[in-house]
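Written out below as C-alpha cells is the structure these notes cover.
Protein chains: 2
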Amino acid sequence: MESMSAVNMLSALGHDGRLAIFRLLVKAGPQGVAAGQIARALDVLPNSLSANLNILAHAGLIASRREGRSIIYSADYGAMSGLLGFLMEDCCNGAPEICSPLTAVLARVEGCGPACAPKAPA
Amino acid sequence: MESMSAVNMLSALGHDGRLAIFRLLVKAGPQGVAAGQIARALDVLPNSLSANLNILAHAGLIASRREGRSIIYSADYGAMSGLLGFLMEDCCNGAPEICSPLTAVLARVEGCGPACAPKAPA
DNA sequence: CTCATATTTCGAGAATAATGGAAATATGGA
DNA sequence: TCCATATTTCCATTATTCTCGAAATATGAG
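Here the protein sequences line up with chains E and Z, keeping their order. Read in order, the letters of the first sequence are residues 130 to 251 in my numbering. Read in order, the letters of the second sequence are residues 130 to 251 in my numbering.
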C-alpha cells in the first residue's frame, strides 16, 4: 500500500454518497449489487451514481462485472483491508494509543461477521 | 463515531499534504510539534499549512495548544482510533475478509510501537 | 430490426477546495 | 515602547469537484 493510493482511497471514501455506496456493497457481500439497485436503494440519479462508482473503482475499492444488461459492483475486501493496515502500521506507526483499542474491536467483530462461524459458544 | 464525522476525517486525510502532516504528528507523539517546525519539515508555506492544520483540527484529528510564541499541534489518538474502529465495525460490518488480516497487523505492531515495551524477547 | 432496459458518457453551471502573496494578530525580549 | 518571531487571517486566482439533464452505448427480447 503506497501512500498515494491510500490518499486516493481516503478521498474516495471522504464523501457522503460514496461512503454510503461502499457500505452497501460491503453489506451485500462478494456477490455484489447491480448499479440500478444501488441507485434505487440510495435514491440517487443513475449518472451521479455512475460517476461515484467510477471514483471508487479507480481508487481500487470496488470491482465491477457485467451480467446481462446489468453491471454488478462489489467491494474489494483486500483493498479495504490494505487501507486499514496502512493506516495502522505505516501512517500511525503502530502507536499503541491508536492500535490497542482496536484489539477489542477485532475481538467483538470476529465471531459476529456475516460469514464467520463462532469459535466459542456465546 | 457518527458517519458524518467519519466522512470529515476521511476527506481531511484524503489529501497528500494533510496526510503527511498527520503522519508527522503521530510520529512526534503526544508532545506535538510547533507549526513552524512542521512547515520547515514538510517544506510548505506557513499559510497553507495553517489552513490544512485547521481542516485537520476541525475534523477532530489533531489538537493544538499555545506554548510561548509557538502553537503546538499534536495528533488526537482517540479520534484516529475511533475512525479505524468505525471503519472496521460499522462501515465494514466486521467482515472477516477485511478484519481478519488486521489481526496480524496488530500482532506485528503491538510490541514495536514508539511507547511500547516488548513483551517477549525478539 | 426494432424496442425496452440498464448504464455510461457528455457537457454546462454552480459550488467547493487549493494556492500563494500581503497584511494582521499574538507573544516575548530589549 | 519598539522590534523580531510565530502564526493566522484575508483576499484573489486557479483548479477541482459536484450535480443534473440529455444524449449515447450496450444488452437482451420479440
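Glycine included, C-beta positions come from ideal geometry on N, C-alpha and C.
Boundaries of the beta strand (DSSP E) in which A124 (chain E) is found, first to last residue: For residue 124 (chain E) there is no data in the structure shown, the boundaries of chain E being 130 and 251.
Other residues of its chain near E218 (chain E): CB distance less than 8 Å, five sequence neighbours each side excluded: Nothing listed; no residue qualifies.
For A224 (chain E), three-class secondary structure by DSSP: Three-state result, A224 (chain E): coil.
C-beta contact flag for G214 (chain Z) and V234 (chain E) at 7 Å: Cβ distance < 7 Å, so G214 (chain Z) and V234 (chain E) count as in contact.
Expected contact under 8 Å - CB spacing of S210 (chain Z) and I191 (chain Z) to nearest Å: In fact, because the Cβ distance is near 14 Å, the residues do not count as touching under 8 Å.
First through last residue of the beta strand (DSSP E) which encompasses A192 (chain Z): Start and end: I191 to E196.
Contact list for V162 (chain E) against chain Z, beta-carbon separation under 7 Å: From the beta-carbon of V162 (chain E), no residue of chain Z is found nearer than 7 Å; the closest lies around 14 Å away.
Local conformation of V162 (chain Z) per DSSP, three classes: Of the three classes helix, strand and coil, the one that applies to V162 (chain Z) here is strand, per DSSP.
Limits of the unbroken alpha helix (DSSP H) element including A186 (chain E): A186 (chain E): member of the alpha helix (DSSP H) spanning P175 to H187, first to last residue.
G146 (chain E), enclosing alpha helix (DSSP H) - first and last residue: Element bounds for G146 (chain E): D145 to A157.
Short Cβ contact (7 Å threshold) for G161 (chain Z) with I201 (chain Z): It is a contact, given that the beta carbons lie within the stated cut-off.
is_contact[M209 (chain Z), chain E] using C-beta, thresh 7 Å: M209 (chain Z) counts as touching chain E.
Euclidean distance between Cα positions of A149 (chain E) and L182 (chain E): Roughly 11 Å separates the two Cα atoms.
Beta-carbon proximity list for S179 (chain Z), same chain, < 8 Å, skipping 5 on both sides: Take S179 (chain Z), set aside five residues on each side of it, and the residues of its chain with a beta-carbon closer than 8 Å to its own are A164, in chain order.
Spatial distance of N137 (chain Z) from A188 (chain E) (CA atoms): Near 18 Å, if we compare the C-alpha coordinates of A188 (chain E) and N137 (chain Z).
C-beta neighbour in chain E for V136 (chain Z), strict 7 Å: Yes, V136 (chain Z) counts as interfacial toward chain E.
DSSP-derived helix/strand/coil call for M130 (chain Z): Assignment of M130 (chain Z) by DSSP, reduced to helix, strand and coil, places it in the coil class.
C-beta neighbour in chain Z for N183 (chain E), strict 7 Å: No, its Cβ sits nowhere closer than 7 Å to a Cβ of chain Z.
Alpha-carbon to alpha-carbon, L174 (chain E) and L142 (chain E): Roughly 19 Å separates the two Cα atoms.
Assigned exposure category for D205 (chain E) - 16 Cβ within 10 Å defines buried: The residue is buried, with at least 16 neighbouring Cβ atoms inside 10 Å.
Contact with chain E by A186 (chain Z), beta-carbon distance below 7 Å: No, A186 (chain Z) lies away from the interface with chain E (no Cβ there is under 7 Å from its Cβ).
Residue closest to A135 (chain Z), alpha-carbon to alpha-carbon, out of Z:G223, Z:I167 and Z:L185: Distance check between A135 (chain Z) and each of Z:G223, Z:I167 and Z:L185 places Z:L185 closest, using alpha-carbon atoms only.
Alpha carbon of F151 (chain E) to alpha carbon of R198 (chain E), nearest angstrom: Taking the straight line from one Cα to the other gives about 22 Å.
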